[in-house]
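Residue numbers (this note's numbering), protein chains in the order written: chain A, 146 to 378; chain B, 146 to 378.
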DNA sequence: TGCTACTAAATTGTATGCAAAAATCAACAC
DNA sequence: GTGTTGATTTTTGCATACAATTTAGTAGCA
């Protein structure tokens, strides 16, 4: 009766592998352009090729891997064109998430977002980039969650995943950082007023500005960062 | 030298299968809720389970199939909640496509869309629903193409695929049909003026109206139609 | 040296085999 | 008639085996 194995994995191997491989890509263990040799990964992860290959097909379909017939998989890379392509779509989705969030946000959720906002503002004044980025992301995530639309969430996260293939800090200028912080003030006040249309417009512009920042970092070959994935705002 | 086989399929079996299975779902050969027995499909398609299973995983990730651990795959079904969830996202994407199309549309492309529009108007006045639907779809596709954003296209088409799981005509009322036609007049004129913001708003509203129509058809259990997938406007 | 042709090794694509889990069904008790 | 138990069949998950394709490596030659 006393099973010392997993309580109940209740998941298939290939699903786990999808998650693991995603993490390996985001963490930089697998870098853009790298080949993904099946056998080597199988040995490393202790599974056979069958479930691994199933996972590769899924990630290929998501755009995180590039699958070349008879020539294996490569971690996808991001071009400037890709960035210019993906951000507008993210912008449209984030704008929608803002609008829906305004319609559905509870007071408790708003309070939490406000708390994160002020914490983030503190990091901004102190010039602490990394924790700023983390809170920034949590805020956007909270808004997305508040939209109460899993399909929207999934689509958005798929795009975030692709953007994370570009793994560098945006070397954000002081001006851009201040600007971003100002945009976040507007985001918070639109949220508080539950003004969906207003928030939607702000977020759309916010994402367009992000695009420019990331694009520039890409051009300049921004500082690579280990293990955290891309951070931007 | 004279190979009488395929010129060169240049594609893997699992990719073909993804396409074939999608078609089988859209055509209604596989209906929502149906189990997808691996062995039976393998015999039917003349392939082994390995590539088929790879395809199933991909379609599961796309939301066209529901994958239950140890219990196989089922063709996904669409609930009212799903419709309410998916259409707003499609609306945001279609609004973006309109905006980008206005920025990128060539005169030739516009001319073609206008031609399709008038053809569609003709079918409307004649009360020919099926060809109306077809042209309607072609017009929206042409706008999407004109946006010149493959990522947007892919995301949009994934959602259209899920909506197509609901396989019935929207029993469109005369009023709604007239209204839809009027919206299409506005779409055409905004396109001609290359007024992105305007078109974006029209399309967003247009999709919200579609949502209501489809939702109602769903509620009323609209007339099922064989082989064409869902049609709506 | 640089190029081509050919061979061998490695890697991928597909099929098959086997163990584990679920579904089916029949006998039985109530 | 209903519901439960347990054996049998079916189906799925994963591993392995084999075939096909690509890659690498080497020898031959200009």
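Even for Gly, the Cβ is constructed at its ideal location relative to N, Cα and C.
If you check the CB distance, residue 221 (chain A) and residue 166 (chain A) do not come in under 8 Å. About 6 Å separates the CB atoms of residue 255 (chain A) and residue 336 (chain A); that is less than 8 Å, so the two are in contact.
Residue 347 (chain B) does not reach chain A, its nearest Cβ partner there being about 15 Å away, counting only Cβ pairs nearer than 8 Å. From the listed residues B:171, B:211 and B:161, the smallest Cα separation to residue 182 (chain B) is found for B:211. In the three-state DSSP reduction, residue 192 (chain B) falls in the coil class, being neither helix nor strand.
If you check the CB distance, residue 258 (chain B) and residue 284 (chain B) come in under 8 Å.
Beta bridge pairing from DSSP links residue 217 (chain A) with A:213. Here residue 364 (chain B) carries a helix assignment [DSSP, helix/strand/coil]. Between residue 354 (chain B) and chain A, the shortest Cβ-Cβ separation is not below 8 Å. The C-beta of residue 230 (chain A) comes closer than 8 Å to at least one C-beta of chain B. Take residue 180 (chain A), set aside five residues on each side of it, and the residues of its chain with a beta-carbon closer than 7 Å to its own are 217 and 219, in chain order. Against chain B, the CB of residue 180 (chain A) has no partner CB under 8 Å away; the residue lies outside that interface. Residue contact with chain A for residue 203 (chain B): present (Cβ-Cβ distance below 8 Å to some residue of chain A). Comparing alpha-carbon positions, the option among B:358, B:330, B:280 and B:342 lying closest to residue 317 (chain B) turns out to be B:358. For the options B:292, B:295, B:356 and B:345, the alpha carbon positioned closest to that of residue 321 (chain B) is the one of B:356. Residue-level contact by beta carbon holds for residue 296 (chain B) and chain A, with a gap shorter than 8 Å. Non-local beta-carbon contacts of residue 249 (chain A) in its own chain, meaning distances under 7 Å to residues more than five positions away in sequence, involve 291, 292 and 293 in chain order. At a cut-off of 8 Å between beta-carbon atoms, residue 249 (chain A) makes no contact with chain B. Contact check between the stretch 233 to 242 of chain A and the stretch 339 to 351 of chain A: three or more CB pairs, one atom from each, fall below 8 Å, which counts as touching. Spatial neighbours of residue 163 (chain A) in its own chain (CB-CB distance under 8 Å, excluding positions within 5 residues in sequence) are listed in chain order as 200, 203 and 204. If the five residues before and after residue 246 (chain B) are omitted, its C-beta is found closer than 6 Å to the C-beta atoms of 288, 291 and 292, all from its own chain and listed in chain order. A residue is called buried when at least 16 other Cβ atoms come within 10 angstroms of its Cβ; residue 194 (chain A) does not meet this threshold and is exposed.
With a threshold of 16 other beta carbon atoms within 10 Å, residue 263 (chain A) falls short and is exposed. Not one beta carbon of chain B lies nearer than 8 Å to the beta carbon of residue 365 (chain A).
Around the CB of residue 304 (chain A), 16 or more other CB atoms lie within 10 Å, so the residue is classed as buried.
About 15 Å separates the Cβ atoms of residue 298 (chain B) and residue 206 (chain A), ruling out a contact at the 8 Å cut-off. The continuous alpha helix (DSSP H) containing residue 167 (chain B) extends over residues 158 to 172. Chain B has a Cβ within less than 8 Å of the Cβ of residue 198 (chain A).
Beta-bridge analysis with DSSP links residue 181 (chain B) to B:218. In the same chain as residue 178 (chain A), and ignoring 5 residues on each side of it, the C-beta atoms closer than 8 Å to its own belong to 219, 220 and 222, in chain order. Contact of residue 159 (chain A) with chain B by beta-carbon distance below 8 Å involves 202. With 16 or more other Cβ atoms inside 10 Å of its own Cβ, residue 160 (chain B) counts as buried. Not flagged as an interface residue toward chain A: residue 253 (chain B), since no C-beta distance is shorter than 8 Å.
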